[in-house]
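Read the structure below first, then the notes.
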Amino acid sequence: MQIQPLRLHRCFTPDLRPPAPQSGSSKPARQSFAGFANPYGCPLFQAHQSHHRNQTLPHGYPHRPCSPPFSSNGRARSFAAPVDSLTEYAFEVSAAQLRFGEGVTREVGMDFQNMKARKVGVFTDKTIMNLYPMKAAMESLEMAGISYEVFNECKVEPNQESWERAISFSRTHDFSHFLAVGGGSVIDTCKVANLYSCYPDADLLEFVNAPIGKGSPIERSLKPLIAVPTTAGTGSETTGTAIFDYTPLQAKTGIANRALRPTLGIVDPLSTDSCPRAVHVNSGLDVLFHSLESYTGKLSYYLPQKNEPAYQGRNPISDVFSLWALKTTVEYLPRVAKDPTDREAKTQMLLASTFAGIGFGNAGVHLCHGFSYPLAKWSGSGYEVEGPLVPHGLSVALTGPAVFRFTAASSPDRHREAADIFGRARGEGSSAHVADADVGELIHDRIAQFLVELGLPRGLNGIGYHPQNIEALVAGTLPQKRVLDLAPGDSNAEALSQILEKAMSF
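Residue 367 in the UniProt record's numbering sits at position 367 of the sequence shown, and the numbers go up by one each step.
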C-alpha cells in the first residue's frame, strides 16, 4: 500500500453555528465534536451510527463518559458504552511549533536572533558534537553573532547523575535561551537543565512524577528552547516529557509537564544521516509504539484544572496524527532497516516521529512504555555507552505483541484497524470477518511477525530475561503511574505478570 506523504484525510467540516437549546431548557447543549459533519466513510475512523440522539462521532467517542473497559463481572465490554447521560464530552489539544525540511538546522542562528537571545546553552553528546547537526548549528549561531556555551556530556539513556551535571552547568551560566541537538536523551536533558535553571534551589525530585518524586507543579515560565532531533524516534521535540533512569530504585521515571515542551522543533532529515542501522530501527520502533499506544489508550476527558497533565488520553485529533504515524512507520521502517541510505524512507520516518509525538504528546502512551523502563538493563549494538542498556525502542517493542493481545478486548475495532495496517503492508485482506474475541490473537501475531522481519529477538528471552525475573519487572513497572493510568483495562500486578509471561517469547 502506497502512503502519500503529508496527505491527511479530510473527514470533518466544521459547522460553527451555535447549537439550538434543548427542549425545555434555555441552556445550549455543548456541541461536543458531533456538530461537525458526518464522518461516515472516513478511513481513519470508520464511524459507526451513534445510539445517542442520532448523531455521529468517530468510533469510540461518546457524547457521554465511557464505562471502564471491564465490567464488575470481569467480562469485556464496549469501550464506548455510556454510563452517564448528563456529562458532556470535551477534549483539549496542545502542540509545539515545528519547522521541517532538509537543511533547516542552519536557521537556528536566525531564530535565536529573532528571539533576541543574549547567551545560548547548547546541549549535545560527544558523538553528535562532531557531526553535521552540531556543525551546522554552531556555524549558524556564529554567523548570527550569538554567544553560546556547549555542554557535550549528555548521556544516552540519562540517569540522575547525568541530569545533575547538566543542571549544574545550566545554573553556573546565565543562559537566556537553550538549544538541544541530539536524540531524545539529549533533548530531555536540555529540557530539565532549562527547568532547574529557573528553579535554582529545587532538588532533582521536586518535579519528578509521583510516586517516585514530589510531582510539584511548574508555575514559572521557562526560557525559550529550540530542539533539533537527530533520530527518528522519540518525538521529544514535540512533547513536554523528559525521562531518566533513577538508579536508587532501578527504574525509569521522569517529568511530564507542558511547560517543558520546546518553543520550536527544527526537524531536519539531514540530521539522521549518520545514524547506524540499529539506531534507525530502534528509534523507529519507538515511533511505532507511540502511535499504537496513543491510538488504543483510554479516552480523554478534559477537566478544567490549574495544572493540566501532559497526557490526557486519546481524542479525535490525536488519532489523526497517531494513525498517520502508524501507517507511515509500517511502510517505511522496513525500508530503512533494509537500506539505511534510503532518503525517502528516512525522511518519512522522521516525519512519522514528529506526527507520533504530537499524537502521544496529547494522548499519552501506556503499557509498552510502562514495561520498558525496568527492562533497560541489557546492552544493545550500535550505541557507545557505559554499562548495560536496552535501546528504548527495543525495550518498548518486545512486550508489544503481548500488550495488544491483552488490550484488544477494550476496543476491538481500534485493534482490528491497527492489525489491518500491518496486514495490508503484506498484501493481506481485511480482518472484518474476525470475531471481536479473536482480535487479540490477530494483532499479537501481526505485530510479532513485523518485529521478527526487522530482525528483533523473539521476545524477552532473547535479551536475557526469564520467568523468574517477572516479579522484579512488575515491581519496576508499577511505579509508572503516569502511563499505567492511561492503559485500557486493569494494570494491577496480576495483569502485568500475565502480560510479561506471554512476552517471554513470540
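Glycine included, C-beta positions come from ideal geometry on N, C-alpha and C.
Nearest to Leu285 by alpha-carbon distance, out of Ser168, Pro401 and Ala117, is Pro401. Exposure of Gly464 is indicated by the presence of fewer than 16 other C-beta atoms within 10 angstroms of its C-beta. The C-beta separation of Val336 from Phe422 comes to about 17 Å, leaving the pair out of contact by the 8 Å criterion. When the five nearest sequence neighbours on each side are left out, the beta carbons in the same chain lying within less than 6 Å of the beta carbon of Ser322 are those of Ser291, Ser294, Tyr295 and Gly359, in order along the chain. Residue environment analysis places His444 among the buried positions, since at least 16 neighbouring C-beta atoms fall within 10 angstroms of its C-beta. For Glu428, no alpha helix (DSSP H) segment is defined, and its DSSP state is neither H nor E. The stretch 178-185 makes contact with the stretch 220-227; the number of CB pairs closer than 8 Å reaches 3 or more. Setting aside the 5 residues that flank it on each side, Ala137 is surrounded in the same chain by Thr105, Val108 and Val181, each with a C-beta closer than 6 Å to its C-beta; the list follows chain order. The count of Cβ pairs closer than 8 Å, one atom from the stretch 476-483 and one from the stretch 207-216, reaches three, so the stretches are in contact. For Thr263, the secondary structure class from DSSP, reduced to helix, strand or coil, is coil.
Minimum Cα-Cα distance from Ser271 among the listed residues Pro133, Arg99 and Gly440 corresponds to Pro133.
In the DSSP assignment, Arg99 falls within the beta strand (DSSP E) that extends over Gln97 to Phe100.
If you draw a 10 Å sphere on the C-beta of Gly427, you find fewer than 16 other C-beta atoms in it, and that means exposed. When secondary structure is reduced to three states using DSSP, Phe175 falls in the coil class, being assigned neither helix nor strand.
When C-beta atoms of the stretch 396-410 are compared with those of the stretch 338-354, fewer than three pairs fall below 8 Å, so the two segments do not count as touching.
In the three-state reduction of the DSSP assignment, Ile226 falls in the strand class.
Bridge partners of Arg314 according to DSSP: Leu299. In the structure shown, the three-state DSSP call for Ser170 is helix. Taking Pro340 as reference, the option from Val439, Thr231, Ala503 and Glu501 with the minimal CA-CA separation is Thr231.
With a cut-off of 8 Å on Cβ pairs, the stretch 184-201 is not in contact with the stretch 312-321, counting fewer than three such pairs. Looking only at Pro457, Met349 and Ala259, the smallest Cα-Cα distance to Asp273 is reached by Met349. Contact check between the stretch 365-379 and the stretch 139-155: fewer than three CB pairs, one atom from each, fall below 8 Å, which does not count as touching. Unbroken alpha helix (DSSP H) runs of no fewer than 4 residues, entirely contained in the stretch 417-475, are found at 439-453, following chain order. According to the DSSP secondary-structure assignment, Gly357 is paired through a beta bridge with no residue. Looking at the DSSP output, Thr253 shares a beta bridge with Phe244. Selection Thr354, Gly476 and Ala278 evaluated against Tyr373 yields Gly476 as nearest (Cα-Cα).
For Glu219, there is no enclosing beta strand (DSSP E), since its DSSP letter is neither H nor E. Counted as a single uninterrupted DSSP element, the stretch harbouring Lys155 is not any beta strand (DSSP E), since DSSP gives it neither H nor E.
Here the alpha carbons of Lys502 and Val287 stand approximately 23 Å from one another. Val186 places its beta carbon less than 7 Å from that of Thr124.
Excluding the 5 residues flanking it on each side, Ala418 has same chain C-beta neighbours closer than 8 Å at Leu292, Tyr295, Thr296, Leu326, Phe404 and Ile443, in chain order. For the set Ser170, Ala117 and Trp163, the Cα lying nearest the Cα of Gly145 is the one of Ala117. Judged by DSSP in its simplified three-state form, Gly121 adopts strand. Your pair Ala310 and Arg258 checks out as a contact, with CB atoms roughly 6 Å apart and the cut at 8 Å.
Residue environment: Met143 is assigned as exposed (fewer than 16 neighbouring CB atoms within 10 Å of its CB, all protein chains considered). Taking 7 Å as the cut-off, the Cβ atoms of Phe289 and Trp163 do not count as close.
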